[in-house]
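Q: Structure in structure tokens, see below.
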């Protein structure tokens with residue numbers, strides 16, 4: 078090597094070293110912490126008998142991605158009303174596309190329903206909400222995302238477990254871990270499973286000996302059906318029922334965590350939207366309503382111009398049956414569970 082080339086290499090090395098040192102002094106990046114995380118991943122992966130090839134691939138030139146840290150720290154606090162949320166998630170276009178997917182995959186959907194007892198319209202509803210039937214394309218390298226979030230430290234243990242699960246999945250299914258992509262928080266595939274969920278419930282739906290919920294619709298549908306089945310899905314029960322309650326109803330009972338029999342709810346004034354009585358069946362349910370609507374219902378009401386009697390205000394609500402709470406184990410959101418129910422009903426074949 079000639080002296081000029083050696084000098085250029087030394088100059089580049091010193092520039093990189095100085096830049097890293099300056100960043101460390103400003104507190105912008107802790108290289109020792111980053112290296113410690115790499116060492117911890119290597120130790121844990123080795124103890125779990127993950128192959129050396131996957132370990133090397135995981136730790137080869139990983140990238141720290143500042144935008145992922147910003148996403149984790151600045152998750153939106155904006156809250157949609159239920160009507161706004163349903164308008165976004167259960168649009169006419171999403172319903173139409175769901176019907177197209179039902180026509181495109183009738184055999185696969187029937188196989189899932191026969192094996193796991195989860196109806197086709199329910200599988201389609203989850204698929205539509207999670208990835209718009211596979212249209213959503215993940216943007217992030219999951220290996221880098223998990224390492225970045227581990228370094229950030231807010232949920233280091235959780236994301237460390239996700240990375241180790243992803244490494245095991247890559248090992249078991251002959252996947253290149255550096256090519257697996259997902260959301261910034263680690264969800265992947267048609268049904269947006271995180272790695273630990275995939276490890277627990279993933280199923281080979283197309284019979285090729287591998288589980289690929291990103292590239293295989295069959296694997297994704299079978300995995301979703303298996304997950305819902307393990308959560309206890311009951312195909313003979315509905316998810317929610319639209320009802321109304323009096324405007325002066327106890328709002329503490331409208332969050333879904335109070336369970337009563339239908340007869341007990343009826344005795345408290347809960348009725349069908351047309352004023353009819355609830356069915357008298359031996360079932361328990363919760364009750365969920367939008368607090369924004371509750372505030373509106375309790376606002377002062379002016380009498381109608383043509384009558385001296387103001388209309389009796391009511392709150393629109395949903396009776397929430399056991400399948401509703403199974404959905405919440407998938408995604409712990411009342412609005413999400415109602416959206417699944419609404420989309421599933423729209424996609425149900427008559």
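Residue numbers (the numbering used here): 78 to 427. Glycine included, each C-beta is placed from N, C-alpha and C at the ideal position.
(1) Can you name the residues that DSSP bridges to residue 259?
(2) Taking 8 Å as the threshold (C-beta atoms), are residue 221 and residue 343 in contact?
(3) Determine whether the beta carbon atoms of residue 172 and residue 420 lie at a separation below 8 Å.
(4) Do the segment 121-141 and the segment 224-238 make contact, defined as three or more Cβ pairs closer than 8 Å?
(5) Please say whether residue 146 and residue 225 have beta carbons closer to each other than 8 Å?
(6) So, under 8 Å CB-CB, residue 135 and residue 246 are touching, yes? Tell me the CB distance rounded to an integer number of Å.
(7) Using a Cβ-Cβ cut-off of 7 Å (strictly less than) and excluding sequence neighbours within five positions of residue 110, which residues of its own chain qualify?
(8) Three-state secondary structure (DSSP) at residue 133?
(9) Can you round the beta-carbon distance between residue 175 and residue 210 to whole angstroms, since I take them to be within the 8 Å contact cut?
(10) Of all the options 329, 298, 336, 337, which has the alpha carbon lying nearest to the alpha carbon of residue 178?
(11) Under 8 Å between the Cβ atoms of residue 395 and residue 319?
(12) Given this structure, state the Cα-to-Cα distance separating residue 348 from residue 364, to the nearest angstrom.
(13) Can you tell me whether residue 357 sits near the ligand FAD, meaning its C-beta is under 7 Å from at least one heavy atom of the ligand?
(14) Return helix, strand or coil for residue 156, following the three-state DSSP convention.
(15) So, do the segment 327-339 and the segment 295-312 have three or more beta carbon pairs nearer to each other than 8 Å?
(16) Kindly indicate which residue of 390, 391, 411, 143 has the alpha-carbon position closest to the one of residue 398.
(17) When the distance is taken between beta carbons, is residue 265 closer than 8 Å to residue 215?
(18) Where DSSP assigns a beta bridge to residue 393, which residues make up the other side?
(19) Based on Cα-Cα distance, which residue from 195, 390, 400, 187 lies nearest to residue 326?
(20) What is the residue span of the beta strand (DSSP E) that residue 365 lies within?
(21) Give a yes or no on whether the C-beta atoms belonging to residue 321 and residue 415 are separated by under 8 Å.
(22) Can you tell me whether residue 108 is buried or exposed, with buried defined as 16 or more other CB within 10 angstroms of its CB?
(23) Can you tell me which of the three DSSP states residue 91 falls into?
(24) Sort 355, 408, 126 by Cα distance to residue 268 and report the nearest one.
(25) On the DSSP bridge assignment, give the partners of residue 445 in chain order.
(26) Go through its chain and collect everything with a Cβ distance to residue 131's Cβ below 8 Å, but skip five positions before and after it.
(27) Beta carbon of residue 296, beta carbon of residue 283: below 8 Å?
A: Working from what's here:
(1) According to DSSP, which records beta bridges pairwise, residue 259 is partnered with 217.
(2) no
(3) yes
(4) yes
(5) yes
(6) In fact, because the Cβ distance is near 12 Å, the residues do not count as touching under 8 Å.
(7) 228
(8) In the three-state reduction of the DSSP assignment, residue 133 falls in the helix class, which pools H, G and I.
(9) 7 Å
(10) 298
(11) The answer is yes: Cβ separation under 8 Å.
(12) 12 Å
(13) Of ligands this structure carries none, so the ligand FAD is not represented either.
(14) coil
(15) Judged by Cβ distances under 8 Å, the segment 327-339 makes no contact with the segment 295-312, as fewer than three pairs qualify.
(16) 411
(17) yes
(18) Residue 393 has 321 as its beta-bridge partners, per DSSP.
(19) 390
(20) 361-366
(21) no
(22) exposed
(23) For residue 91, the pLDDT reaches just 40, beneath the cut-off of 50, and the residue's location in the model is therefore unreliable, although a value from the coordinates is still provided. Residue state, collapsed to three classes: helix.
(24) 408
(25) There is simply no residue 445 to check, as the chain begins at 78 and stops at 427 in what is shown.
(26) 122, 244, 247, 248, 254
(27) yes
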